[in-house]
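Undergrad: Residue numbers (my numbering), protein chains in the order written: chain A, 32 to 202; chain B, 37 to 856.
All C-beta atoms in this analysis are idealised placements derived from N, C-alpha and C, irrespective of residue type, glycine included.
Predicted model, so just to flag it, every value in this text is computed and none were measured.
Below, the structure written as structure tokens:
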């Protein structure tokens with residue numbers, strides 16, 4: 032039985048984003064955000080299969096595909112694929128906008144973001160995502176507010192560490 | 037001990053590895069260092085080490101030894117520690133591990149922290165991965181934060197509440213008071229998340245739904261402001277103000293307006309406004325239009341609005357952006373039943389989409405095309421669909437072939453056209469045709485009496501060309517066996533009769549018997565056909581010889597047939613003519629063969645990638661009535677009408693005793709065995725054992741179960757196993773009503789996961805009498821070829837004391853004997 036079916040077909044959620052994956056054109060995972068409980072083994076299996084499926088898509092194909100009983104919305108930005116799994120009732124077109132908004136946030140934060148930024152600062156990519164989405168839904172629709180919150184939180188790291196130097200040094 | 041290397045340093049180092057082995061070595065070395073650092077309980081560098089561990093985890097390496105360290109970080113008072121600690125918890129921990137419960141106390145403290153960013157971390161983590169136990173413990177804190185005036189926290193609390201409700205639905209009530217003035221917020225973040233929360237509550241509880249209906253005017257106002265307000269830089273996306281919020285409001289309106297005339301009326305204007313004023317040049321505008329269309333189609337909108345919606349979809353179909361086309365086809369598929377004529381207007385565009393490059397678009401276009409076939413357009417549509425069948429990918433062929441057969445059966449303008457169409461499918465996509473099509477086609481051919489000569493001639497010619505496509509070969513063999521006399525006598529009227537001798541025909545059939553291309557089933561058909569010809573041809577000796585040769589065939593099935601046919605020649609020769617007589621016309625007792633689908637908001641989406649277990653054809657459902665409101669189309673399963681097997685009129689009842697299970701006609705069962713397509717070949721014996729005779733309760737002793745018991749309505753399931761197919765479970769539901777008022781308009785609907793198939797027969801009645809004075813029964817048949825654990829989601833709708841009631845439930849407690 033497909034793994035996702037056993038978990039996701041039966042909770043009585045009628046719409047939610049189940050997970051978001053970022054991966055390179057070589058299939059290397061750069062970020063994974065899961066909004067449903069799955070074991071590490073299951074996550075690995077899903078990731079592997081989905082990455083294969085998406086990478087096999089030709090450029091002329093549309094951004095949506097049916098996979099198991101989910102809808103997959105994906106978009107490539109430069110060398111990174113952004114891939115979301117949504118449920119049947121969800122609006123694919125607005126999910127594309129969600130992905131785009133996240134990319135814009137990353138872009139604003141890192142200044143012309145590229146894959147390397149996300150590789151070397153993956154924890155920040157997560158922090159930004161967690162200020163934008165919560166439980167798979169958008170918590171803030173203003174770009175400015177998300178970035179402001181991140182900025183303040185970053186500051187908080189530095190202020191609290193009077194004995195240590197800035198973030199990049201302590202980690 | 038030197039300071040552990042920095043995160044970015046590690047990343048840089050690992051990326052220099054040239055081979056997988058080199059990388060693994062680096063990782064192992066670093067993990068060892070991290071482990072010893074953890075053992076030393078080093079507070080300073082714990083954060084750095086966990087961050088590195090998270091990186092290595094993303095590369096695929098095990099990181100479970102860092103789980104407890106994450107908890108220590110969360111408990112720390114440093115913000116950096118907490119940030120990484122919570123991130124680690126979300127990545128490394130999940131509710132299956134008991135360890136996660138240790139977080140509960142920390143989260144509780146952090147929910148009450150003086151710094152909102154710490155509170156935010158806690159809310160985010162709880163809302164992302166909180167288990168039911170954690171949610172139960174912390175729901176009170178979340179509820180408190182839902183009432184705060186701090187919008188940063190309030191928006192997070194709202195989504196956290198959504199998660200809590202999903203995990204522990206019983207807690208929904210406690211959040212009700214806090215929702216009171218959520219919509220009066222000016223902050224878009226809070227508004228957005230509040231709408232999400234309200235949506236969740238309304239979808240889970242009919243009471244909440246009625247309660248929140250009064251919000252419709254307020255929602256309409258908010259939406260109106262968004263559309264009418266000028267440029268707002270903070271929320272603008274390509275000229276549209278906060279599309280995310282707009283889409284969410286539209287969805288909530290959909291749920292509120294769904295079965296309610298007044299609410300639908302109240303939102304009519306705003307929907308028309310959004311539909312006509314939204315900018316369509318970019319994806320964002322189309323996203324809003326899409327949601328609007330979905331809402332219009334789902335509520336009780338007036339016809340003008342519905343036509344507007346369909347036209348939007350029609351325009352979408354012409355959009356250059358393939359994503360938009362895809363979405364249009366999906367939506368049209370949902371609405372094609374209820375707004376058939378409106379969708380028909382876009383038929384030619386839809387048919388053009390059959391040529392699209394994208395697989396998903398092609399599939400939807402195919403399904404929609406089948407849905408649009410009717411008596412008027414059958415010829416034109418069939419031309420397009422047959423052309424599609426010729427050139428499409430193998431993954432489509434089975435569904436397309438089945439679709440063509442069904443459409444042809446329903447709307448064939450003439451018998452000749454029908455036979456020609458079948459021939460076309462068999463010759464071009466013969467290997468993809470489903471096994472159950474063979475008996476169906478045979479029945480069709482038998483019943484087209486005046487076309488027998490034409491049919492057998494065409495099939496014979498097809499056999500001369502190609503004997504590799506088994507379904508074609510099987511149908512042809514059967515026909516030749518039946519109508520071989522018409523073939524050699526050259527009686528065809530429809531086209532130029534061909535000259536063929538008995539020997540030539542027997543050559544072809546014998547060729548099938550020896551060919552490597554023929555499957556055992558096909559060989560069975562061929563042998564039986566040859567046998568039948570013994571009463572139609574004069575070259576009986578040749579036939580006798582062939583039959584006796586196969587009496588020692590290695591294939592047991594063939595051997596048995598040959599031996600029994602031999603017996604026919606020897607001892608029972610006097611019966612032979614009667615036994616091998618021409619087949620009579622077979623009655624089809626089912627209503628209108630085509631498979632029906634229980635719709636879920638009109639969705640009929642088979643999995644495109646599920647090529648291992650091809651879904652049975654998703655036929656256009658012809659019930660506009662019930663739209664199953666269950667979870668998406670995930671569980672949609674074609675509900676197939678039974679075609680009850682009929683036995684051929686036998687020439688003498690006593691023959692049954694003499695010949696046991698041998699098919700009386702020497703051919704396959706005339707009507708399909710339970711019409712659920714199975715992968716078993718249509719063996720003679722299976723087909724003949726008809727349901728009534730062999731309906732032993734092989735599953736005697738499966739305990740009944742209570743599937744549902746709420747508000748006075750109790751539904752019990754009792755079980756039987758249908759022989760001969762052990763993969764089918766027959767469930768009878770018994771609905772009883774213990775309240776003092778009758779439950780009228782009672783409708784029971786069910787859905788199962790994709791690997792199952794479901795067939796729902798008619799209920800005994802739609803009134804469940806009060807005070808347990810009677811029950812409504814209904815039979816469900818579930819095909820479970822993969823023998824997986826049976827699960828079902830049911831939806832019950834009825835009217836009780838004047839008000840409509842609707843409920844959804846999951847049934848998971850099936851006794852193992854019902855599906856093993």
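1) Please list the residues of the region 218-238 of chain B that have a C-beta atom closer than 7 Å to any C-beta atom in chain A, keeping them in chain order.
2) Roughly how many angstroms separate the alpha carbons of residue 527 of chain B and residue 607 of chain B, rounded to a whole number?
3) With DSSP as the reference, label residue 67 of chain A as helix, strand or coil.
4) Within a Cβ cutoff of 6 Å, which residues of the same chain sit near residue 506 of chain B, ignoring the five residues on either side of it in sequence?
5) Whose C-beta lies closer than 7 Å to the C-beta of residue 58 of chain A among residues of the same chain, with five residues either side of it excluded?
6) Can you list the alpha helix (DSSP H) stretches of 4 or more residues lying completely in the region 91-120 of chain B, in chain order?
7) Runs of 4 residues minimum, wholly inside the region 500-526 of chain B: which ones carry the alpha helix (DSSP H) assignment?
8) Short of 6 Å in beta carbon distance, which residues of its chain neighbour residue 93 of chain B, apart from the five on each side in sequence? Order them along the chain.
9) Taking the alpha-carbon positions, what's the residue 190 of chain B to residue 181 of chain B distance?
10) Report yes if the C-beta distance between residue 179 of chain B and residue 211 of chain B is below 8 Å; otherwise report no.
11) Could you spell out the range, first to last residue, of the alpha helix (DSSP H) harbouring residue 243 of chain B?
12) Can you look up residue 453 of chain B in the DSSP assignment and give me helix, strand or coil?
13) What does the alpha-carbon distance come out to for the pair residue 814 of chain B and residue 797 of chain B?
14) Under the rule that 16 or more other beta-carbon atoms within 10 Å means buried, what is residue 455 of chain B, buried or exposed?
15) Buried or exposed: where does residue 655 of chain B fall if 16 or more other Cβ atoms within 10 Å of its Cβ makes it buried?
16) To which residues of the same chain is residue 252 of chain B closer than 8 Å at the C-beta, ignoring the five residues directly before and after it?
17) Comparing C-alpha positions only, which one of B:552, B:143, B:480 and B:508 sits nearest to residue 619 of chain B?
18) Could you check the C-alpha separation between residue 862 of chain B and residue 830 of chain B for me, to the nearest Å?
19) For residue 842 of chain B and chain A, any beta-carbon pair shorter than 8 Å?
20) Three-state secondary structure (DSSP) at residue 236 of chain B?
21) Are there 16 or more other CB atoms within 10 angstroms of the CB of residue 382 of chain B, so buried, or fewer, so exposed?
22) Could you run through the region 317-347 of chain B and flag, in chain order, every residue whose CB is less than 7 Å away from some CB of chain A?
23) Do residue 743 of chain B and residue 752 of chain B have their C-beta atoms closer together than 8 Å?
24) Got a sec? Which residues, its chain only, sit under 6 Å from residue 56 of chain A by beta carbon, not counting five neighbours each side?
25) Can you tell me which of B:170, B:115 and B:428 puts its alpha carbon nearest to the alpha carbon of residue 155 of chain B?
26) DSSP three-state call for residue 744 of chain B: helix, strand or coil?
27) Is there a C-beta anywhere in chain A that falls below 8 Å from the one on residue 576 of chain B?
28) Based on DSSP bridge pairs, tell me the residues matched to residue 131 of chain A.
29) I want to see whether chain A comes within less than 8 Å of residue 467 of chain B, judged by CB atoms only; does it?
30) Spell out whether any CB of chain A is found under 8 Å from the CB atom of residue 662 of chain B.
31) Residue 95 of chain A versus chain B: which residues are under 7 Å apart at the beta carbon?
32) Excluding sequence positions up to five away, which residues of its chain have a Cβ less than 6 Å from the Cβ of residue 218 of chain B?
33) Check whether chain B comes within 8 Å of residue 151 of chain A, counting only Cβ atoms and requiring the distance to be less than that.
34) Where does residue 891 of chain B land, buried or exposed, given buried means 16+ other C-beta within 10 angstroms?
35) Say whether chain A places a C-beta atom closer than 8 Å to the C-beta of residue 27 of chain B.
36) Going by the beta-carbon positions, is the gap between residue 473 of chain B and residue 438 of chain B smaller than 8 Å?
TA: Answer, in terms of the structure:
1) 224, 225, 228, 229 and 232
2) For the purposes of this step, residue 527 of chain B is identified with residue 491 of the second chain, where counting begins at 1. For the purposes of this step, residue 607 of chain B is identified with residue 571 of the second chain, where counting begins at 1. Approximately 34 Å, taken between the alpha carbons.
3) Taking the first residue of the first chain as 1, we reach residue 67 of chain A at position 36. In this structure, residue 67 of chain A counts as coil in the three-state DSSP scheme.
4) As a working mapping, residue 506 of chain B is identified with position 470 in the second chain. Result list for residue 506 of chain B: 555 and 558, in chain order.
5) By one-based count along the first chain, residue 58 of chain A stands at place 27. Taken in chain order, the residues that qualify are 82 and 86.
6) 103-111
7) 506-524
8) One-based indexing of the second chain puts residue 93 of chain B at position 57. Hits under 6 Å: 99.
9) Working through the second chain from its first residue, we reach residue 190 of chain B at position 154. Working through the second chain from its first residue, we reach residue 181 of chain B at position 145. Looking at the two C-alpha atoms, the distance is approximately 6 Å.
10) The sequence position of residue 179 of chain B within the second chain is 143, counting from 1. The sequence position of residue 211 of chain B within the second chain is 175, counting from 1. In this structure, residue 211 of chain B lies closer than 8 Å to residue 179 of chain B by Cβ.
11) On the second chain, residue 243 of chain B is found 207 positions in, with the first residue counted as 1. Segment 242-248, the alpha helix (DSSP H) holding residue 243 of chain B.
12) Position 417 of the second chain, counted from the start, is the residue given in the question as residue 453 of chain B. In the structure shown, residue 453 of chain B sits in a helix (DSSP, three-state: H, G or I).
13) Indexing the second chain from 1 puts residue 814 of chain B at position 778. Indexing the second chain from 1 puts residue 797 of chain B at position 761. Rounded to whole angstroms, residue 814 of chain B to residue 797 of chain B spans 6 Å at the Cα level.
14) Locating residue 455 of chain B in the second chain gives position 419, counting from the first residue. When all chains shown are included, residue 455 of chain B counts as buried.
15) To locate residue 655 of chain B, count along the second chain from 1; it is residue 619. Summary for residue 655 of chain B: the model assigns pLDDT 36, below 50, so the residue's position carries little reliability, and this model does not support an answer.
16) By one-based count along the second chain, residue 252 of chain B stands at place 216. Closer than 8 Å at the Cβ level, and outside the excluded window around residue 252 of chain B, lie 289, 292, 293, 299, 302 and 303.
17) As a position in the second chain, residue 619 of chain B is number 583, starting the count at 1. Nearest option by C-alpha distance: B:480.
18) The structure shown does not extend to residue 862 of chain B, since chain B is modelled only from 37 to 856, so the question has no answer here.
19) Translated into positions along the second chain, residue 842 of chain B becomes position 806. With 8 Å as the cut-off, residue 842 of chain B does not count as an interface residue toward chain A.
20) Taking the second chain and counting its residues from 1, the one referred to as residue 236 of chain B is at position 200. DSSP places residue 236 of chain B in helix when its eight states are reduced to three.
21) The residue labelled residue 382 of chain B in the question sits at position 346 within the second chain. Looking at its Cβ environment, which holds 16 or more other Cβ atoms inside 10 Å, residue 382 of chain B is buried.
22) 319, 320, 322, 323, 326 and 327
23) Taking the first residue of the second chain as 1, we reach residue 743 of chain B at position 707. Taking the first residue of the second chain as 1, we reach residue 752 of chain B at position 716. Going by C-beta atoms, residue 743 of chain B is nearer than 8 Å to residue 752 of chain B.
24) The residue you call residue 56 of chain A lines up with position 25 of the first chain. For residue 56 of chain A, where only same-chain residues beyond five positions count, the Cβ hits under 6 Å are 110.
25) Within the second chain, numbered from 1, the residue matching residue 155 of chain B stands at position 119. Measuring from the Cα of residue 155 of chain B, the nearest candidate turns out to be B:115.
26) Start at 1 with the first residue of the second chain, and residue 744 of chain B comes out as number 708. Correct three-state label for residue 744 of chain B: strand.
27) Taking the second chain and counting its residues from 1, one reaches residue 576 of chain B at position 540. For residue 576 of chain B, no Cβ of chain A is located within less than 8 Å of the residue's own Cβ.
28) Stepping through the first chain from its first residue, residue 131 of chain A is reached at position 100. In DSSP, residue 131 of chain A forms no bridge with anything.
29) Indexing the second chain from 1 puts residue 467 of chain B at position 431. No, residue 467 of chain B lies away from the interface with chain A (no Cβ there is under 8 Å from its Cβ).
30) Within the second chain, numbered from 1, the residue matching residue 662 of chain B stands at position 626. At residue 662 of chain B, the pLDDT of 34 sits below 50, so the modelled position is not reliable; the number obtained from the coordinates is stated separately. Closer than 8 Å: no.
31) Taking the first chain and counting its residues from 1, the one referred to as residue 95 of chain A is at position 64. Simply 359, 362 and 396.
32) Taking the first residue of the second chain as 1, we reach residue 218 of chain B at position 182. Result list for residue 218 of chain B: 230, in chain order.
33) The residue you call residue 151 of chain A lines up with position 120 of the first chain. Judged by the 8 Å Cβ criterion, residue 151 of chain A is in contact with chain B.
34) Since the first and last residues shown for chain B are 37 and 856, residue 891 of chain B lies out of range.
35) Residue 27 of chain B is absent from the structure shown; chain B starts at 37 and stops at 856.
36) Taking the first residue of the second chain as position 1, residue 473 of chain B is located at position 437. Taking the first residue of the second chain as position 1, residue 438 of chain B is located at position 402. Cβ atoms of residue 473 of chain B and residue 438 of chain B: closer than 8 Å.
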